[in-house]
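Going line by line, the protein sequences match chains A and B.
If you read the first sequence in my numbering, its first letter stands for residue 1, the second for the next number, and so on.
If you read the second sequence in my numbering, its first letter stands for residue 1001, the second for the next number, and so on.
A virtual CB, placed ideally from N, CA and C, is assigned to each residue, including glycine.
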Amino acid sequence: MSELTRNIVLNVNGTKQEITVPVRYTLADGLREVLDLTGTHLGCEHGFCGACTVLVDGRSVRSCLMLAVQADGCSVLTIEGLANADGSLSPLQQAFHEQHGLQCGFCTPGFLMTATELFSGNSNPTEEEIKEALSGNICRCTGYQGILEAMKQAALQSSGG
Amino acid sequence: MSSWIGKSVKRTEDKKLLTGKGQFVADMKREGMLHACFLRSTEAHALIAGIDTAKARGLPGVVGVWTAEELEGLGYVEPMGVLPAGMHEISRLKRREWSQPPLAGEKTRFAGEPIAVVLAENRYIAEDAVELIEVSYVPLQPVVTMRAALESSGPKLFDEWPDNIQAEFVIEKGDWKRAFLEADVVVEGSYSVGRITGIPMECRGIMAEIDEDDGRLTVWSATQIPYDLRGNLAKALGCASEEIRVAAPDVGGGFGIKDNVYPEELVVPYLAKKLRRPVKWIEDRTEHLLTASHARDQQHRIRAAFRKDGTLLGIEDEFYVDCGAYNLWETCVAYNTASSMSGPYRCPALFYRAYDILTNKTPAAPYRGAGRPEAVFVLERLLDESAKKLGIDRMELRRKNMIQGDEFPYDAGILYRDQTRMVYDSGNFSENFDKLMDQVDYAEFLREQQRLREEGKYIGLGVANFVEGTGVGPYEKAVVSVLPDGTVRAATGAASQGQGHKTTFAQVCAQALELDLDQIDIIEGDTGIVPDGIGTFASRSAVVAGNAIYAAGIGLKARIIELAAERLLIDPKEAAYERGTVYSVRNPDHKIRLKELADACGDDLTVSNSFHPGTTTYASGAHAVLAEVEPATGKVTIKRYWAVHDTGKQINPKVVTGQIIGAMIQGIGSALMEEIQYGEEGRLKTPTLKEYLVPSIFSLPPIELHKVEYPSTRNTLGLKGTGEAGIICAAAAVAGAVADALEPFRAEIREIPMTPARVREAVKNASPLTIN
Chain A
1 MSELTRNIVL
11 NVNGTKQEIT
21 VPVRYTLADG
31 LREVLDLTGT
41 HLGCEHGFCG
51 ACTVLVDGRS
61 VRSCLMLAVQ
71 ADGCSVLTIE
81 GLANADGSLS
91 PLQQAFHEQH
101 GLQCGFCTPG
111 FLMTATELFS
121 GNSNPTEEEI
131 KEALSGNICR
141 CTGYQGILEA
151 MKQAALQSSG
161 G
Chain B
1001 MSSWIGKSVK
1011 RTEDKKLLTG
1021 KGQFVADMKR
1031 EGMLHACFLR
1041 STEAHALIAG
1051 IDTAKARGLP
1061 GVVGVWTAEE
1071 LEGLGYVEPM
1081 GVLPAGMHEI
1091 SRLKRREWSQ
1101 PPLAGEKTRF
1111 AGEPIAVVLA
1121 ENRYIAEDAV
1131 ELIEVSYVPL
1141 QPVVTMRAAL
1151 ESSGPKLFDE
1161 WPDNIQAEFV
1171 IEKGDWKRAF
1181 LEADVVVEGS
1191 YSVGRITGIP
1201 MECRGIMAEI
1211 DEDDGRLTVW
1221 SATQIPYDLR
1231 GNLAKALGCA
1241 SEEIRVAAPD
1251 VGGGFGIKDN
1261 VYPEELVVPY
1271 LAKKLRRPVK
1281 WIEDRTEHLL
1291 TASHARDQQH
1301 RIRAAFRKDG
1311 TLLGIEDEFY
1321 VDCGAYNLWE
1331 TCVAYNTASS
1341 MSGPYRCPAL
1351 FYRAYDILTN
1361 KTPAAPYRGA
1371 GRPEAVFVLE
1381 RLLDESAKKL
1391 GIDRMELRRK
1401 NMIQGDEFPY
1411 DAGILYRDQT
1421 RMVYDSGNFS
1431 ENFDKLMDQV
1441 DYAEFLREQQ
1451 RLREEGKYIG
1461 LGVANFVEGT
1471 GVGPYEKAVV
1481 SVLPDGTVRA
1491 ATGAASQGQG
1501 HKTTFAQVCA
1511 QALELDLDQI
1521 DIIEGDTGIV
1531 PDGIGTFASR
1541 SAVVAGNAIY
1551 AAGIGLKARI
1561 IELAAERLLI
1571 DPKEAAYERG
1581 TVYSVRNPDH
1591 KIRLKELADA
1601 CGDDLTVSNS
1611 FHPGTTTYAS
1621 GAHAVLAEVE
1631 PATGKVTIKR
1641 YWAVHDTGKQ
1651 INPKVVTGQI
1661 IGAMIQGIGS
1671 ALMEEIQYGE
1681 EGRLKTPTLK
1691 EYLVPSIFSL
1701 PPIELHKVEY
1711 PSTRNTLGLK
1721 GTGEAGIICA
1731 AAAVAGAVAD
1741 ALEPFRAEIR
1751 EIPMTPARVR
1761 EAVKNASPLT
1771 IN
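Okay, here's the thing in structure tokens:
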């Protein structure tokens, strides 16, 4: 089968990647199937659950709703790019770990990416701002309590509190 | 050595999940792997007159298309949860045999039922090909409601049956007829619990491959029950179980929805075996809502007999469960409902009659709580309404009938599903309830409620109590070994879907062997490593697998001492064990460490244990919800949520809290927003998460959870199950709060979910209380 493809360039987690993708591949499938970055998860493929959230040029995007070719020339940050350079957990990841902010972990990449966007623009969000930012991400295991506590811990740390 | 059990250690599985290194089925890739996509019936009830697959087969990239008649030699999906033989006479069980074809051939029984499967080079092409298949249906009248299913002249799902009742049974205790004759007050009501589903964030998925060397089939599945899948698959493929390895990799939530064997799980391995190529199928969310099991969906007609002082004399309940097109777990849910109905309350006489009804909807099966939330909703609503009729405070009515702490162990007087008597082993229901009401400050609430009513604001308080049989058998096996590097590996069949077993099982194993957590590795849910086991469902894993691991760990310690003494040339009685090192008490420098022992003894350092609980152990608790209701819009806001749970001994309190709160929020969803809906033709009206609403972070109220630990008397570690506990009271407590808030309107709350439309309807239909 010769699918219609296109060559695109992405900067993924700080590394330049030149890939050939079928034009109809979603960004999620481009990351998962072509680049083997399977940390980005697909929970609904309708844009409702937020599990597949990645940052494209710093802004959160549902990677199931964007085509890979649309990201040509963009910087993409995925969960694989969040840890510290030495492989240790970033303060945000560490907060999720300490506050039991995950159970099955399937929705976790989307929460972490959405939270990354929030903290990049607001180092000390209030509880309402945290809830507003995360209201488009569904977690079915934690009941959100552990996630909220993790977010409060991370907020405290990022504001130097 | 500090105790590992009871410690909130952070989870060892977190790091891979937080860095994107988890391995879910969808993440797995193999050389030459094919992708499956299923064609699903658009009709709820129809004969299949013909299927034209020619165009699909001709699409470049398609490797093949299969319909029912081309799955030569593949068997059917078999039911689970059939009551033990001994229960039949006692429960007057009547049941009809059924099985589900892997692909519908002659007849389709629900919209979404798989009819054909395409294998292609990638999923996009497989989906394209599915679109090219043409099916000609001869529509039959769909059976969409239980009422329609019970009409004697209506259509039948199985032609050979005289009706659509798959099973029915009776549970009886005491002289219930006399209870109603002697009652001062009889209260009755009809209640319904809507159809919902669990929505694990990872949909279903399966990958199957054949080992080129030995021809063995390996199946990776997002399943809660690898052993049942292996058993059903072996039967369907006509091979020995030993020829199949089923393993659950990282699984993204289950909640009971992955506790079934599904048609796709037979078809994908069948094709992998036939083509000798790896085949993967990953479900999308619409397929999930359309075909993965639904739950609840019950209607009750119940009445209760009281003395005028509020003493409960008896309950009579007739109820119907809409099981959809195939009753996957047979009487399991209905039996749980019946046996949970009187819960923590004394009920000297009862009579329950349950019916499992088939309709042309997606098959239903256990979902978190599995029949218990339904029972608690029905009974607690009835108690609130009874209190009003009796003129007794609703909290007092509950207290009056509650089994007291000094009555344990308490014989509930009926049989559990496992054929043993339901005897509550430990706990204190009235203490739970008193602790709950202490937190609530009921008197202050009543004042506040009155004050706000005068301002035109309506708040209400709802309460509910539960008892839950947890840790069901028949058994779970653990294999604990010292590896060549001196670390310990504990393996069990009960795999996690997010519950954190890698940590909690390691805590149990570390406790038994006095080791650190990083010296222990936990392997789960792989029939290739532990050849026999059951799985993770019904709040059973910590209790059954946990105790198996602990006993195996203790056994391994004894084995280590014995073999070390041999190496040290000392009498085992003179050998002391400390943190993996064995030494002579006479000369502590004369010692051997685990690694050295492993080098010397190899395979001898393995001990297995199967823990067979005699019967379940009983967790219990009480919930209270404070909610505000806007009568004009039907909007319900939960302002506060209090809960008291007897968890038994906790392995990891933080994990237990996470399980309870996660379940509570799912319960709020089932109370207020979650609802699977069907149109008149039997087609799903809620095929995406846009229509099927689940709680967001805005649904999280302030929660005060108080845990008490009454250790189980039925296992060494004193554990009780905790996975489902948090959901059992939730909808009942929310419903009580809504009803209480709307008391001035006399609105009747007898159905969940209480969507805004339904709350408005209840207000509109009610007759406002005349203020004197």
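Assuming residue i is part of the beta strand (DSSP E), what are its boundary residues?
i, result
"B/Ser-1805", "Residue coverage of chain B in this structure runs from 1001 to 1772, which leaves residue 1805 of chain B outside it and unanswerable."
"B/Asn-1609", "1606-1611"
"B/Leu-1705", "1703-1708"
"B/Phe-1306", "1295-1306"
"B/Gln-1677", "Looking at the DSSP string, B/Gln-1677 is not in any beta strand (DSSP E), and its letter there is neither H nor E."
"B/Trp-1066", "1062-1067"
"B/Ile-1403", "Premise fails: B/Ile-1403 is in no beta strand (DSSP E) and is neither H nor E."
Among residues of its own chain, excluding the 5 on either side of residue i, which ones have a beta-carbon nearer than 6 Å to its beta-carbon?
i, result
"B/Gly-1371", "Val-1333, Asn-1336 and Thr-1337"
"B/Ile-1520", "Val-1488, Ala-1506, Cys-1509 and Ala-1510"
"B/Lys-1016", "Gly-1022"
"B/Thr-1713", "Asp-1425 and Ser-1426"
"B/Tyr-1137", "Glu-1043 and Ala-1046"
"B/Trp-1004", "Gln-1507, Ala-1510 and Gln-1511"
Below 8 Å CB to CB, which residues in the same chain sit around residue i once its five sequence neighbours on both sides are set aside?
i, result
"B/Val-1186", "Phe-1180, Arg-1303, Ala-1304, Ala-1305 and Phe-1306"
"B/Lys-1685", "Gln-1677, Tyr-1678, Gly-1679 and Glu-1691"
"B/Ile-1403", "Pro-1344, Tyr-1345, Arg-1346, Tyr-1410, Tyr-1424, Phe-1429 and Ser-1430"
Counting only beta-carbon separations shorter than 9 Å, does residue i have a partner in chain A?
i, result
"B/Asn-1260", "no"
"B/Glu-1202", "yes"
"B/Val-1187", "no"
"B/Asn-1772", "At B/Asn-1772, the pLDDT of 42 sits below 50, so the modelled position is not reliable; the number obtained from the coordinates is stated separately. By this cut-off, B/Asn-1772 is not an interface position."
"B/Glu-1524", "no"
"B/Gln-1023", "yes"
"B/Ile-1048", "no"
"B/Ala-1732", "no"
"B/Val-1636", "no"
"B/Phe-1537", "no"
Please confirm whether residue i has its beta-carbon closer than 9 Å to some beta-carbon of chain B.
i, result
"A/Gly-136", "yes"
"A/Gly-188", "This structure cannot settle anything about residue 188 of chain A, because the visible part of chain A is limited to 1 through 161."
"A/Ala-51", "yes"
"A/Arg-59", "no"
"A/Asp-179", "In this structure chain A extends from 1 to 161, so residue 179 of chain A is not present and cannot be described."
"A/Pro-109", "yes"
"A/Leu-118", "no"
"A/Leu-55", "no"
"A/Glu-129", "no"
"A/Gly-121", "no"
"A/Met-1", "With a pLDDT of 49 at A/Met-1, under the threshold of 50, the predicted position of this residue should be treated as unreliable, though the coordinate-derived value follows. Answer yes: the Cβ-Cβ gap between A/Met-1 and chain B drops below 9 Å somewhere."
Under 9 Å, Cβ to Cβ, is there at least one residue of chain C near residue i?
i, result
"B/Phe-1180", "Looking at the structure shown, chain C is missing, and the protein chains on hand are A and B."
Between residue i and the rest of its own chain, which residues show a CB-CB distance below 7 Å, the 5 nearest in sequence each way excluded?
i, result
"B/Asp-1740", "Gly-1460, Leu-1461 and Gly-1462"
"B/Thr-1657", "Leu-1705"
"B/Arg-1178", "none"
"A/Asn-13", "Leu-77, Thr-78, Glu-80 and Gly-81"
"B/His-1300", "Ser-1190, Tyr-1191, Asp-1317, Phe-1319 and Val-1378"
"B/Lys-1595", "Asp-1485 and Gly-1486"
State the start and end residues of the unbroken alpha helix (DSSP H) segment that holds residue i.
i, result
"B/Trp-1289", "The identity of residue 1289 of chain B in the sequence shown is Leu, whereas the question assumes Trp. 1285-1291 is the span of the alpha helix (DSSP H), which, as asked, contains B/Leu-1289."
If contact means a Cβ-Cβ distance below 7 Å, which residues of the segment 1687-1717 of chain B contact chain A?
Residues passing the 7 Å Cβ filter: Thr-1688, Leu-1689, Lys-1690, Val-1694, Ser-1696, Ile-1697, Phe-1698, Leu-1700 and Ile-1703.
Can you pull out the residues from the segment 1004-1020 of chain B whose beta carbon lies closer than 9 Å to at least one beta carbon of chain A?
Ser-1008, Lys-1010, Arg-1011, Glu-1013, Asp-1014, Lys-1015, Lys-1016, Leu-1017, Leu-1018, Thr-1019 and Gly-1020
Taking only beta carbons into account, state which residues of the segment 1639-1652 of chain B come closer than 7 Å to chain A, listed in chain order.
With the criterion set as a beta carbon lying under 7 Å from some beta carbon of chain A, the segment 1639-1652 of chain B has no members that meet it.
Could you run through the segment 9-33 of chain A and flag, in chain order, every residue whose CB is less than 9 Å away from some CB of chain B?
Within the segment 9-33 of chain A, the residues whose Cβ lies closer than 9 Å to some Cβ of chain B are Pro-22, Arg-24, Tyr-25, Asp-29, Arg-32 and Glu-33, listed in chain order.
Any contact between the segment 1189-1203 of chain B and the segment 128-141 of chain A? By contact I mean 3 or more CB pairs, one from each, below 8 Å.
Look at the beta carbons and you see the segment 1189-1203 of chain B touching the segment 128-141 of chain A: at least three pairs across the two are nearer than 8 Å.
Does the segment 112-128 of chain A come close enough to the segment 1468-1486 of chain B that 3 or more CB-CB pairs lie under 8 Å?
no
Please list, in chain order, the residues of the segment 62-85 of chain A that have any C-beta partner in chain B closer than 8 Å.
Thr-78, Ile-79, Glu-80, Leu-82 and Ala-83
If you measure beta-carbon to beta-carbon, which residues of the segment 1274-1289 of chain B are closer than 9 Å to chain A?
Considering only beta carbons, the part of the segment 1274-1289 of chain B lying closer than 9 Å to chain A consists of Ile-1282, Asp-1284, Arg-1285, Thr-1286 and His-1288, in chain order.
Can you pull out the residues from the segment 1487-1500 of chain B whose beta carbon lies closer than 9 Å to at least one beta carbon of chain A?
Ser-1496, Gln-1497, Gly-1498, Gln-1499 and Gly-1500
Just by C-beta distance, which residues in the segment 137-150 of chain A are closer than 9 Å to chain B?
Taking a C-beta cut-off of 9 Å against chain B, the contacting residues of the segment 137-150 of chain A are Asn-137, Ile-138, Cys-139, Arg-140, Cys-141, Thr-142, Gly-143, Tyr-144, Gln-145, Gly-146, Ile-147 and Leu-148, listed in chain order.
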